[in-house]
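Asker: The sequence shown begins at 0 in the numbering used here and counts up by one.
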Amino acid sequence: MKKTLFILVTAVAVALLAGCEQERMPEPNAATCAPDAFQAALNEMRSEANRAAFTEECRAFQKAKQMRHWEFKPSPKDDY
Numbered sequence: 000m001k002k003t004l005f006i007l008v009t010a011v012a013v014a015l016l017a018g019c020e021q022e023r024m025p026e027p028n029a030a031t032c033a034p035d036a037f038q039a040a041l042n043e044m045r046s047e048a049n050r051a052a053f054t055e056e057c058r059a060f061q062k063a064k065q066m067r068h069w070e071f072k073p074s075p076k077d078d079y
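1) Put Asp-78 into one of helix, strand or coil per three-state DSSP.
2) Rounded to a whole number of angstroms, what is the C-alpha to C-alpha distance between Thr-31 and Arg-50?
3) Need the endpoints of the alpha helix (DSSP H) that Asn-42 sits in, please.
4) Identify whether Met-0 lies in helix, strand or coil by the three-state DSSP scheme.
5) Rounded to whole angstroms, what is the Cα-Cα separation between Gln-65 and Arg-45?
6) When burial is assigned at 16 or more other CB atoms within 10 Å of the CB, is Pro-34 buried or exposed?
7) Do you know how far the Cα of Ala-63 is from the Cα of Pro-75?
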């Protein structure tokens, strides 16, 4: 009797916890933070917390990308 009850409780617990997989957030990079891919990734996420975290990480990625991008601008000629 106890063994049957244990097996039943275990089976019910496994069935209930089977759908509790944690949603994975895509890694922020140039491909996933591009406008089209960004919207697609946001639409796939169910958790509002994951959406907010992904949005913030993409903003940080874009900001870091802008800081690394520079263009050489020569100094103006001096007239001494």
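A virtual CB, placed ideally from N, CA and C, is assigned to each residue, including glycine.
As the structure is a computational prediction, the values presented were derived from the model and not from experiment.
Answerer: Considering the structure as presented:
1) Here residue 78 is taken as the residue at index 79 of the sequence shown, counted from 1. Asp-78: coil per DSSP, three-state reduction.
2) Counting from 1 along the sequence shown, the entry for residue 31 is found at position 32. Counting from 1 along the sequence shown, the entry for residue 50 is found at position 51. Distance between the alpha carbons of Thr-31 and Arg-50: 13 Å.
3) The residue labelled residue 42 in the question sits at position 43 within the sequence shown. Element bounds for Asn-42: 34-43.
4) The residue labelled residue 0 in the question sits at position 1 within the sequence shown. Of the three classes helix, strand and coil, the one that applies to Met-0 here is coil, per DSSP.
5) Here residue 65 corresponds to residue number 66 of the sequence shown, with the count starting at 1. Here residue 45 corresponds to residue number 46 of the sequence shown, with the count starting at 1. Gln-65 and Arg-45: Cα-Cα distance of roughly 30 Å.
6) Here residue 34 is taken as the residue at index 35 of the sequence shown, counted from 1. Counting Cβ neighbours within 10 Å, Pro-34 comes out exposed, since fewer than 16 surround it.
7) By one-based count along the sequence shown, residue 75 stands at place 76. By one-based count along the sequence shown, residue 63 stands at place 64. About 29 Å.
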